[in-house]
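Before any comments, here is the structure.
In the working numbering, the protein residues as written are 1109 to 1396.
Below, the structure written as structure tokens:
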């Protein structure tokens, strides 16, 4: 992932510790960043490498080809070797993320010290891996530990152990990680699509629960389990994502966009917009 400006909290294993760059050649990069406002990030790809991005907090919407992949707290997004990708509108939303770039196991005979048969099994698992995967929250602790090991100058086998642990959690997540009964999941996904199709509509949890055919409290838990955030937060993000698109259109007017998306005043719209994007609507509209 390319380096961004104005982010002192950013950490990259091999940029900050170049003397350790050759200890685990399969790991091209391990990184961490916290974005307080929407930040530019252009299309990029990694020849011969997979990239995995874990959302510790917030949301990031990625584009691969012409398909959007919204990723939420507790989810991994990944790209395959050579795939061009970018955050939606070339701006990464306010969030906290970890990422690592790993050489394709099919290209490296001694990959992470696995035997050839095991390496092939991992390669095949990567080929089958869904674009988005929900994992156990302990992945965050593993990332923190991995960073500490780099900083401590720990032995290679310890670093490799924690990296493999993260990878295996990604490839073989716990059966109960955000898993919903199929019928309920289909209902919730259909409801989500309805919300996304009409971002200007003001939904209450009571209305949404009735459409899903469950109690209000049960609906809240289902939604939180599926999307990693509350219905209100999700709806706000959908609305603000649409606002970002509308504000980039020629002649866009902040007040008109606010009213079109169901906000009663442009001031309220600006407050919500800054909460999720980290800058005012006017500043976003003027950004290159």
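Every residue gets a Cβ at the ideal spot worked out from N, C-alpha and C, and that includes glycine. As the structure is a prediction and not an experimental result, all values here were calculated from the model.
- For residue 1313, the uninterrupted alpha helix (DSSP H) segment begins and ends at 1313 to 1320.
- Every beta strand (DSSP E) stretch that sits fully inside the stretch 1182 to 1230 and reaches 3 residues is listed by chain position as 1183 to 1187, 1193 to 1195 and 1203 to 1211.
- Per the DSSP secondary-structure output, residue 1120 pairs in a beta bridge with 1139.
- The three-state secondary structure of residue 1302, taken from DSSP, is helix.
- Boundaries around residue 1162 are those of the beta strand (DSSP E), 1157 to 1172, since no alpha helix (DSSP H) includes it.
- DSSP lists 1185 as the beta-bridge partner residues of residue 1240.
- Residue pairing by DSSP places residue 1178 opposite 1169 in a beta bridge.
- For secondary structure counted as the alpha helix (DSSP H) over 4 or more consecutive residues, the stretch 1316 to 1379 holds these complete runs in sequence order: 1324 to 1335, 1339 to 1355 and 1362 to 1368.
- Around the beta carbon of residue 1235, fewer than 16 other beta carbons lie within 10 angstroms, which makes this residue exposed.
- Scanning its chain for C-beta atoms nearer than 6 Å, with the 5 sequence neighbours on each side dropped, one finds around residue 1142 the residues 1117 and 1204, in chain order.
- In this structure, the CA atom of residue 1390 is about 13 Å from the CA atom of residue 1380.
- Just measuring C-alpha positions, the residue of 1145, 1248 and 1331 sitting nearest residue 1301 is 1331.
- The beta carbon of residue 1194 sits closer than 6 Å to the beta carbons of 1151 and 1171 from its chain, once the five residues preceding and following it are set aside; these are given in chain order.
- Looking at the DSSP output, residue 1289 sits in no beta bridge, so it has no partner there.
- Residue pairing of residue 1148 in beta bridges, as defined by DSSP: 1199.
- Taken in chain order, the complete beta strand (DSSP E) segments of 3 residues or longer contained in the stretch 1233 to 1279 are 1240 to 1242.
- Assignment of residue 1131 by DSSP, reduced to helix, strand and coil, places it in the coil class.
- In the three-state reduction of the DSSP assignment, residue 1389 falls in the helix class, which pools H, G and I.
- Look at residue 1294 here: in three-state DSSP terms it is helix.
- Look at the beta carbons and you see the stretch 1291 to 1307 touching the stretch 1330 to 1347: at least three pairs across the two are nearer than 8 Å.
- For residue 1342, the CB contacts under 6 Å within the same chain, skipping 5 residues up- and downstream, are 1335 in chain order.
- Taking every protein chain shown into account, the CB of residue 1290 has fewer than 16 other CB atoms within 10 angstroms, so this residue is exposed.
- By the criterion of at least three beta-carbon pairs nearer than 8 Å, the stretch 1131 to 1139 is in contact with the stretch 1249 to 1267.
- Across the set 1190, 1367, 1167 and 1354, the C-alpha of 1190 shows the shortest separation from the C-alpha of residue 1155.
- When the beta-carbon positions are compared, residue 1274 and residue 1247 come within less than 9 Å of each other.
- Here residue 1326 is exposed, its C-beta having fewer than 16 other C-beta atoms within 10 Å.
- Note that the C-beta distance between residue 1251 and residue 1209 is not below 9 Å.
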